[in-house]
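When the sequence shown is numbered by the numbering used here, its final residue is 251 and no position is left out of the sequence of numbers.
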Amino acid sequence: MAERVKGGARERVRGSAKKEEEAPVASERTPRERMVYAAASLLSERGLAGTSFSEVIERSGAPRGSIYHHFPDGKDALTAEALTLVGERVLLALRAGEGGTPAQVVQRFFEAWRKVLLKTDCQAGCAIAAVANERLAHPELGARAAAVFISWERELEARLVAAGLASAKAGSAAALILASVEGALILCRARRDIAPFDAIRDALVAFVGP
Numbered sequence: 042m043a044e045r046v047k048g049g050a051r052e053r054v055r056g057s058a059k060k061e062e063e064a065p066v067a068s069e070r071t072p073r074e075r076m077v078y079a080a081a082s083l084l085s086e087r088g089l090a091g092t093s094f095s096e097v098i099e100r101s102g103a104p105r106g107s108i109y110h111h112f113p114d115g116k117d118a119l120t121a122e123a124l125t126l127v128g129e130r131v132l133l134a135l136r137a138g139e140g141g142t143p144a145q146v147v148q149r150f151f152e153a154w155r156k157v158l159l160k161t162d163c164q165a166g167c168a169i170a171a172v173a174n175e176r177l178a179h180p181e182l183g184a185r186a187a188a189v190f191i192s193w194e195r196e197l198e199a200r201l202v203a204a205g206l207a208s209a210k211a212g213s214a215a216a217l218i219l220a221s222v223e224g225a226l227i228l229c230r231a232r233r234d235i236a237p238f239d240a241i242r243d244a245l246v247a248f249v250g251p
């Protein structure tokens, strides 16, 4: 476990675990669920081309051979479910705090991704973006990834409006926030440093107002 010092405060940063430990109820998941969570995690770290069935089995701890039972249509079917999982988890994070201010909406969205960076020592990014980058080779999965991005952007817009941001500004603000998070994830992974993420978050908080 590594420690970093940012702004006078110590933050503990952990490397990627070999077993999927996304939630405290991980031990209660079925083998199929464990495989979907493991696939989402691997996609965020290694991309679509770098995620294999054997690695999903290793990380999930699911019985070898069961992956073909649960996903007879192959890797694309597993990836599609992983995209749905990530999409829904981010939407839940956005909906977790009702009301508040536009600044709090921004902070809530950024915090969901900040946890991913800290947990993996800035080695994992966005699984949706990883699949979107492969749209030429995998058009159907790319379209699914695009649909997830659209759902996040619309949810951000709705949350900003509900928090008091003018409707005329909320749409463009939502697009800016989403694009900024995705760009910040890339910068942090490249530099193995959380600082760009926090700087971009603070700038967007100032942009949308208190």
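Quick reminder that beta carbons are idealized off the backbone N, C-alpha and C, glycines included.
- Residues of the same chain with a CB within less than 7 Å of the CB of C229, apart from the 5 flanking positions on each side, are L158, C163, I235, P237 and F238 in chain order.
- At a cut-off of 3 residues, not a single continuous stretch assigned as beta strand (DSSP E) sits fully inside the stretch 86-134.
- Here D243 carries a helix assignment [DSSP, helix/strand/coil].
- In the three-state scheme derived from DSSP, where H, G and I count as helix and E and B as strand, G166 is classed as coil.
- Beta-carbon to beta-carbon, E194 and A211 are separated by about 10 Å, too far to satisfy the 8 Å threshold.
- Residue environment analysis places P104 among the exposed positions, since fewer than 16 neighbouring C-beta atoms fall within 10 angstroms of its C-beta.
- Exclusion of the five residues before and after V77 leaves L119, E122, A123 and L126 as the residues of its chain whose Cβ lies within less than 8 Å of its Cβ.
- About 7 Å separates the Cβ atoms of G166 and I227, confirming a contact at the 8 Å cut-off.
- With respect to the C-alpha of V246, the residue from K156, K116, L84 and V147 having the closest C-alpha is V147.
- Here R136 is exposed: its Cβ has fewer than 16 other Cβ atoms, across all protein chains shown, within 10 Å.
- Inclusion of L84 and R100 in the CB contact set at 8 Å is not warranted, their separation being larger than that value.
- Only buried fits S221, as 16 or more other CB atoms lie within 10 angstroms of its CB.
- Within 10 angstroms of the beta-carbon of I108 lie 16 or more other beta-carbons, which makes it buried.
- For A187, the CB contacts under 7 Å within the same chain, skipping 5 residues up- and downstream, are A173 in chain order.
- I235 sits in coil when the DSSP states are folded into three classes, being neither helix nor strand.
- The alpha-carbon of D243 is positioned some 24 Å away from that of S192.
- Spanning the alpha carbons of G106 and H179 requires a straight line of approximately 25 Å.
- Within the model, the alpha-carbon separation for A134 versus T142 is close to 15 Å.
- Within its own chain, the residues whose Cβ lies closer than 6 Å to the Cβ of F112, once the five positions on either side in sequence are excluded, are A118 and L119, listed in chain order.
- Distance between K156 and G88, taken at the CA atoms: about 19 Å.
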